[in-house]
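These notes concern the structure reproduced below.
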Amino acid sequence: MLTAASVVPPVPKQTLVNVGIETPMPKNKEDILLEPFQYLLAYPGKDVRSKMIEAFDAWLHVPTEKLNTITKVIEMLHSASLLIDDVEDDSALRRGVPAAHHLYGVPQTINCANYVYFLALQELVKLNNPAMVKIYTGKYFNSAMTPEKVDSHNLHFSTFVDELLNLHRGQGMELFWRDTLTCPTEAEFLEMVDNKTGGLLRLAVKLMQEASEENIDCTGLVQKIGIHFQVRDDYMNLQSTTYTDNKGFCEDLTEGKFSFPVIHGIRTDPNNRQLLNILRQRSESVELKQFALQLLEKTNTFDYCRRFLKDMEKQARDEIALLGGNPKLEKIMSMLSIPL
359 MLTAASVVPP
369 VPKQTLVNVG
379 IETPMPKNKE
389 DILLEPFQYL
399 LAYPGKDVRS
409 KMIEAFDAWL
419 HVPTEKLNTI
429 TKVIEMLHSA
439 SLLIDDVEDD
449 SALRRGVPAA
459 HHLYGVPQTI
469 NCANYVYFLA
479 LQELVKLNNP
489 AMVKIYTGKY
499 FNSAMTPEKV
509 DSHNLHFSTF
519 VDELLNLHRG
529 QGMELFWRDT
539 LTCPTEAEFL
549 EMVDNKTGGL
559 LRLAVKLMQE
569 ASEENIDCTG
579 LVQKIGIHFQ
589 VRDDYMNLQS
599 TTYTDNKGFC
609 EDLTEGKFSF
619 PVIHGIRTDP
629 NNRQLLNILR
639 QRSESVELKQ
649 FALQLLEKTN
659 TFDYCRRFLK
669 DMEKQARDEI
679 ALLGGNPKLE
689 KIMSMLSIPL
């Protein structure tokens, strides 16, 4: 009589975790998996995050090898998140070329982005010990791991997980508002931004602080820069010809996105539902989007955005001064500055 024991082959002594370690993906297959990611990298953006990391290092003095790893991890996470964003928003363009999912399809693009998230975590392991066993549960280390290295690794791992959770929380709320046509308050929007946009820069700076011997806390400054960066991006999406060339005319309106200007316009004139109805349409009509801009002009929304950005810029510059000054960071803030 056949039994389960006689049919099922014995489990090899080698554990599942070790199989993953000792049989890496062949390069030709890895290249296939990473095609959407490599396609995006072939059309680089402004590289602001790498410049930010370099600027913060003027204070933190992170060892070069560790700094290079942190920079690589953040760029991988940023690019992967853009692939996902473009799928969730069904964006037509990214950096002036078709968004990756229009070339490779939604399933392959999502799989690629998720794969890159884990590749980034794999890179993060290198901050402690290049020979470290790659972790599945957070518990398995090789025999060379000292308690200090275990504690250090857990700190990096916890920081990584916390900020990726924040990233998805922020993105989830933004999608909820869009898909249910729910206009958030400004405070709710800024909380979302702190999770989503600020998360990757905060992850970078936290990792740098953990790798640094300097006793300096930059996280408050990072929060201000993150908010400034996202509000500026929302403003430029509706006001910049460069953004039109790279992403399409007022793309945020076509996506139905509750951006910072849109929230201000709707909440300043709550009895006028025209802007809300335009968002509902997800229209590509240039005429309809131009009418939406006229509505935002009537509520003095763009003037409000410029004043808000100037205030956030001042707060950031004041904190930079309190931390001892930083010419590289001040130069970046000047580059991102919007005139009143």
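In my numbering, the protein residues as written are 359 to 698. By construction, the Cβ of each residue, glycine as well, lies at the ideal position given by its N, Cα and C atoms.
With distances taken Cα to Cα, identify the nearest neighbour of residue i among the options.
i           : options            : result
residue 671 : 560, 657, 698      : 698
residue 516 : 568, 465, 460      : 568
residue 397 : 448, 408, 418, 470 : 470
residue 426 : 481, 637, 593, 447 : 481
residue 618 : 693, 548, 429      : 548
residue 433 : 417, 534, 410, 455 : 410
residue 628 : 540, 445, 456, 446 : 540
residue 606 : 574, 654, 455, 680 : 455
residue 562 : 400, 673, 393, 413 : 413
residue 404 : 654, 384, 445, 601 : 601
residue 402 : 573, 453, 394, 393 : 453
residue 518 : 652, 560, 534      : 560
residue 457 : 479, 653, 395      : 395
residue 686 : 415, 616, 638, 662 : 415
residue 616 : 599, 597, 638, 598 : 638
Could you please give the first and the last residue of the uninterrupted alpha helix (DSSP H) stretch that includes residue i?
i           : result
residue 460 : 458-462
residue 593 : 577-597
residue 566 : 544-569
residue 662 : 659-680
residue 612 : 609-612
residue 414 : 406-418
residue 390 : 385-391
residue 688 : 685-694
residue 426 : 422-447
residue 357 : With the chain covering 359 to 698 only, the question about residue 357 has no answer from this structure.
residue 647 : 644-656
residue 634 : 632-639
Would residue i pass as a contact of residue j if the rule is Cβ separation under 9 Å?
i           : j           : result
residue 523 : residue 436 : no
residue 612 : residue 657 : no
residue 449 : residue 609 : yes
residue 431 : residue 525 : no
residue 667 : residue 593 : yes
residue 417 : residue 684 : yes
residue 571 : residue 459 : no
residue 621 : residue 543 : yes
residue 461 : residue 576 : no
residue 392 : residue 474 : yes
residue 551 : residue 528 : yes
residue 653 : residue 660 : no
Would you report the Cα separation of residue i and residue j, rounded to the nearest angstrom?
i           : j           : result
residue 645 : residue 532 : 26 Å
residue 636 : residue 467 : 29 Å
residue 520 : residue 538 : 27 Å
residue 642 : residue 464 : 21 Å
residue 546 : residue 536 : 14 Å
residue 689 : residue 678 : 12 Å
residue 614 : residue 647 : 11 Å
residue 696 : residue 664 : 7 Å
residue 669 : residue 451 : 32 Å
residue 578 : residue 673 : 10 Å
residue 446 : residue 472 : 14 Å
residue 676 : residue 691 : 12 Å
residue 389 : residue 478 : 16 Å
residue 623 : residue 651 : 10 Å
residue 649 : residue 476 : 44 Å
residue 640 : residue 599 : 20 Å
residue 573 : residue 387 : 44 Å
residue 485 : residue 662 : 43 Å
residue 385 : residue 406 : 30 Å
Would a check of beta-carbon distances place residue i closer than 9 Å to chain C?
i           : result
residue 391 : Of the protein chains in this structure there is only one, and it is not chain C.
Any contact of the segment 583-598 with the segment 548-564, i.e. 3+ C-beta pairs under 8 Å?
As far as the Cβ criterion goes, the segment 583-598 touches the segment 548-564, which means the pair count is three or higher.
Between the segment 572-586 and the segment 628-643, do at least 3 Cβ pairs fall closer than 8 Å?
Short answer: they don't touch.
Does the segment 408-423 come close enough to the segment 437-447 that 3 or more CB-CB pairs lie under 8 Å?
Taking a cut-off of 8 Å for Cβ pairs, the segment 437-447 and the segment 408-423 do not touch, as fewer than three such pairs fall below it.
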